[in-house]
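Contents: one structure, followed by commentary.
Residue numbers (my numbering): 11 to 228.
As structure tokens, this is what we get:
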């Protein structure tokens, strides 16, 4: 680099720095996308009811749900100490008859609540949660929700290359009272902005999804 700078001067150095920054941005974008994306051929669609602003809506949710046996330390947002039993990534939600009301965040929170083991438990995970005094004594669920979304017809779907909200929740049952207290083990929310290339897409939603804290519809 010193030889090149001496020969060609500051313009070449600035060019090299710009190229390195672009390359780093590309790696960051790839990492953000890889945390949110589903493995090939793993996407599925589930018809469920969700609650938005006190009203029940029937929707089709496109997502993936990967179960790990044994638990995986390499799953998104997992570590060697908190290996994931399952990973879920929500990619799209579509109203079956009418466009869904509410903000992008409210819709995604409603789907999260429907999937939440302590909410609607649509993924049937609650029955897998162990007692806290057994081994293994936790059930760990990693869940990813796109931060940047777009409306397409009756659907709300992830923008291409969107960063995501991603957390791992840890659960166990207190044998004394039978209660389940969720614990956020890892928070891997991505701080990248919404994509702008080739066109701007979405406005980043908040990542304050809380297991066990969901709206109850009548």
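We put the CB at the ideal spot given by N, CA and C, even for glycine. Predicted, not measured: the structure shown is a model, and the values here were computed from it.
Checklist entry - Hey, how far is the Cα of residue 202 from the Cα of residue 186? => result Distance from the CA of residue 202 to the CA of residue 186, rounded to the nearest whole angstrom, comes to 43 angstroms.
Checklist entry - Of the choices 49, 63, 60, whose alpha-carbon is the least far from that of residue 75? => result The option with the nearest alpha carbon to residue 75 is 49.
Checklist entry - From residue 162 to residue 111, what does the alpha carbon distance come to, in whole angstroms? => result Within the model, the alpha-carbon separation for residue 162 versus residue 111 is close to 14 angstroms.
Next on the checklist: In the DSSP output, which residue or residues are listed as bridge partners for residue 57?
Outcome noted: DSSP lists 70 as the bridge partner or partners of residue 57.
Next on the checklist: Please report the distance separating the alpha-carbon of residue 113 from that of residue 62.
Outcome noted: Rounded to the nearest whole angstrom, the C-alpha separation of residue 113 and residue 62 is 10 angstroms.
Checklist entry - If you draw a straight line from the C-alpha of residue 165 to the C-alpha of residue 128, how long is it? => result Per the coordinates, the alpha-carbon of residue 165 lies some 26 angstroms from the alpha-carbon of residue 128.
Checklist entry - By Cβ distance, which residues of its chain are closer than 8 angstroms to residue 16, with the 5 residues on each side in sequence left out? => result Note on residue 16: pLDDT 42, under 50, position unreliable in the model; no value is reported.
Checklist entry - Would you call residue 133 buried or exposed, if buried means 16 or more other Cβ atoms sit within 10 Å of its Cβ? => result Around the beta carbon of residue 133, 16 or more other beta carbons lie within 10 angstroms, which makes this residue buried.
Next on the checklist: For residue 147, count the other beta carbons within 10 Å of its own beta carbon; 16 or more makes it buried, fewer makes it exposed. Which is it?
Outcome noted: Here residue 147 is exposed: its Cβ has fewer than 16 other Cβ atoms, across all protein chains shown, within 10 Å.
Checklist entry - If you draw a straight line from the C-alpha of residue 104 to the C-alpha of residue 47, how long is it? => result Rounded to whole angstroms, residue 104 to residue 47 spans 18 angstroms at the Cα level.
Item to check | From 158, 139, 130, residue whose alpha carbon lies closest to that of residue 96 | outcome: Residue 139 is the option with its Cα nearest to residue 96.
Item to check | Environment of residue 125 [buried if 16+ CB atoms lie within 10 Å] | outcome: Sixteen is the threshold: when 16 or more other Cβ atoms of the shown chains lie within 10 Å of the Cβ of residue 125, as they do, the residue is buried.
Checklist entry - Out of curiosity, what's the CA-to-CA distance linking residue 121 and residue 145? => result Cα to Cα, the separation comes out at about 31 angstroms.
Next on the checklist: Less than 7 angstroms between the beta carbons of residue 217 and residue 175, yes or no?
Outcome noted: Closer than 7 angstroms, so yes.
Item to check | Beta-carbon spacing of residue 204, residue 160 below 7 angstroms | outcome: No, they are not a contact pair.
Checklist entry - Whole-angstrom Cβ separation of residue 200 and residue 136, contact assumed at under 8 angstroms? => result Between residue 200 and residue 136 the beta-carbon gap is near 28 angstroms, outside 8 angstroms, which marks them as no contact.
Checklist entry - For residue 109, which option in 66, 184, 173 has the closest C-alpha, if you only look at C-alpha atoms? => result Of the candidates 66, 184, 173, 66 places its Cα closest to the Cα of residue 109.
Item to check | Boundaries of the alpha helix (DSSP H) in which residue 97 is found, first to last residue | outcome: No alpha helix (DSSP H) holds residue 97; the beta strand (DSSP E) holding it covers 94-105.
Checklist entry - Just to confirm, are residue 7 and residue 152 a CB contact at a threshold of 7 angstroms? => result No answer is possible for residue 7: the residues shown for the chain start at 11 and end at 228.
Next on the checklist: Assuming residue 10 and residue 196 are in contact, meaning their beta carbons sit under 8 angstroms apart, how far apart are those beta carbons, in whole angstroms?
Outcome noted: Any property of residue 10 remains undetermined from this structure, which presents the chain solely from 11 to 228.
Checklist entry - For residue 94, is the classification buried or exposed, using 16 other Cβ atoms within 10 angstroms of its Cβ as the cut-off for buried? => result So residue 94 ends up on the buried side.
Next on the checklist: Can you check which of these residues, 52, 221, 167, 215, is closest to residue 116 by C-alpha distance?
Outcome noted: By alpha-carbon distance to residue 116, the top candidate from 52, 221, 167, 215 is 215.
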